[in-house]
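Here the structure comes first, spelled out in structure tokens, and everything after it is commentary.
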Amino acid sequence: MNQNVFVKIAAEDERFIYVKNNPAYQSFLNGFFEYQEEVSTKAGRVKKSSNKAGSYRNFLIRLVIYYKEVYGTYPSSLENPTTVEGIKAFMKIPSFIEFNKAGHYYFSATIRGYIDYLDQLKLVDVNNVSEPHKIYLLHGPKKRGVTYINHEEMFVRNPRELLAAKHKADWKCCEDARHKTFTAQNDHRAYIEGHHLIPMRMQKDFEYTIDFADNIVPLCPNCHRKIHFAIKQDRNKMIEKFYFERIEAIETHGINISINELEKCYS
Numbered sequence: 005m006n007q008n009v010f011v012k013i014a015a016e017d018e019r020f021i022y023v024k025n026n027p028a029y030q031s032f033l034n035g036f037f038e039y040q041e042e043v044s045t046k047a048g049r050v051k052k053s054s055n056k057a058g059s060y061r062n063f064l065i066r067l068v069i070y071y072k073e074v075y076g077t078y079p080s081s082l083e084n085p086t087t088v089e090g091i092k093a094f095m096k097i098p099s100f101i102e103f104n105k106a107g108h109y110y111f112s113a114t115i116r117g118y119i120d121y122l123d124q125l126k127l128v129d130v131n132n133v134s135e136p137h138k139i140y141l142l143h144g145p146k147k148r149g150v151t152y153i154n155h156e157e158m159f160v161r162n163p164r165e166l167l168a169a170k171h172k173a174d175w176k177c178c179e180d181a182r183h184k185t186f187t188a189q190n191d192h193r194a195y196i197e198g199h200h201l202i203p204m205r206m207q208k209d210f211e212y213t214i215d216f217a218d219n220i221v222p223l224c225p226n227c228h229r230k231i232h233f234a235i236k237q238d239r240n241k242m243i244e245k246f247y248f249e250r251i252e253a254i255e256t257h258g259i260n261i262s263i264n265e266l267e268k269c270y271s
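Every number in the working numbering is 4 more than the matching position in the sequence shown, counting from 1.
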């Protein structure tokens, strides 16, 4: 491999223009941009005018160029498992590690965002062929969804929201990131469980859905049991921690609940 592969690439570089305008990549790159824009603005980190999502997209374009320089050919698809593993492998190359560090770790952040987006795409309705790379997460109030199983009313849950919550927590326990679990068979990541801070059984009391990422707290199995079954003092300590960390975000979904009302949900 050429030792000078991992170097700065300008947007005017013909390779950059080729990847950016390549029809094989455009739908994916546009979807990746939209997803990063929604995730960044929803987290309250940036305004849309900052173009942070555009920076992520441009860094992904550069990663595709590095892929070609390392492996000798451009990837046929950005969703191909070979492409994914090839880009992830950069993180083990010493020259890339140094290059990434010098660039304030923007490339590793882009790779994490790329993997995040790919995971979400696995849950997209493949029948919606008009927008194959469009991901819908909740960014405001949405009427609760209801389905019926054996004539019993059940409230709809969205697996994309659970996945988004786990990604945001980097598959770590929100009570204590040092807590260790095990590698899960289904996704080969640290096993973590999603806990609805406002329990789903309370959905009947709210006009809008409470099944959104800001209301889902990733916890290790032990802490998940703790918030349900610990003595009141310990349980409420956890509830209060998560409540005050998340209440502003929760309210953007049209959900209003006091700390006293929330603690009563666990009584």
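Cβ atoms here follow ideal geometry from the backbone N, Cα and C, with glycine treated the same way.
Anticipated Cβ contact below 8 Å, residue i with residue j, distance rounded
i, j, result
"L142", "F216", "4 Å"
"F94", "Y70", "7 Å"
"C178", "V221", "5 Å"
"R164", "I139", "7 Å"
"V68", "V23", "5 Å"
"F145", "G35", "Note on identity: in this sequence residue 145 is Pro, with Phe being the wrong assignment. Contact doesn't hold; Cβ gap of about 24 Å is too wide."
"R193", "W175", "5 Å"
"I231", "M242", "5 Å"
"E83", "L125", "7 Å"
"Y110", "F63", "6 Å"
Identity of the residues DSSP links to residue i by a beta bridge
i, result
"Y212", "K147"
"L223", "E197"
"T187", "A194"
Other residues of its chain near residue i: CB distance less than 7 Å, five sequence neighbours each side excluded
i, result
"E298", "A query on residue 298 cannot be resolved here, the shown segment of the chain reaching from 5 to 271 and no further."
"P27", "none"
"K92", "I115"
"S53", "Caution is warranted here: a pLDDT of 47 is assigned to S53, below 50, making its placement in the model unreliable, and the coordinate value is therefore given only provisionally. Nothing meets the Cβ criterion."
"S112", "M95, N104"
"G48", "Here G48 scores only 48 on pLDDT, less than 50, and its place in the model is too uncertain to base an answer on."
"N240", "E267"
"G90", "Y71, Y75"
"N260", "none"
Own chain residues within Cβ distance below 8 Å of residue i, not counting five before or after
i, result
"Y247", "L201, I263, L266"
"Q40", "K56, A57, Y60, R61, G117, Y121"
"M204", "F159, R161, I214, D215"
"K147", "E211, Y212, T213"
"D123", "L167, H171, D191"
"D238", "K230"
Cβ shell of residue i (< 6 Å), same chain only, five flanking positions each side left out
i, result
"R250", "D218"
"A14", "none"
"D17", "none"
"H137", "S31, F32, G35"
"F100", "F10, F94"
"R66", "I13"
"V88", "none"
"T256", "none"
Identify every run of the beta strand (DSSP E) within the stretch 81 to 128, keeping only runs that are complete inside it and at least 3 residues long; order them along the chain. Within the stretch 81 to 128, not a single complete beta strand (DSSP E) segment reaches 3 residues in length.
Do three or more CB pairs link the stretch 159 to 173 to the stretch 191 to 205 at distances below 8 Å? yes
Do the stretch 223 to 232 and the stretch 175 to 189 touch if we need at least three Cβ pairs shorter than 8 Å? yes
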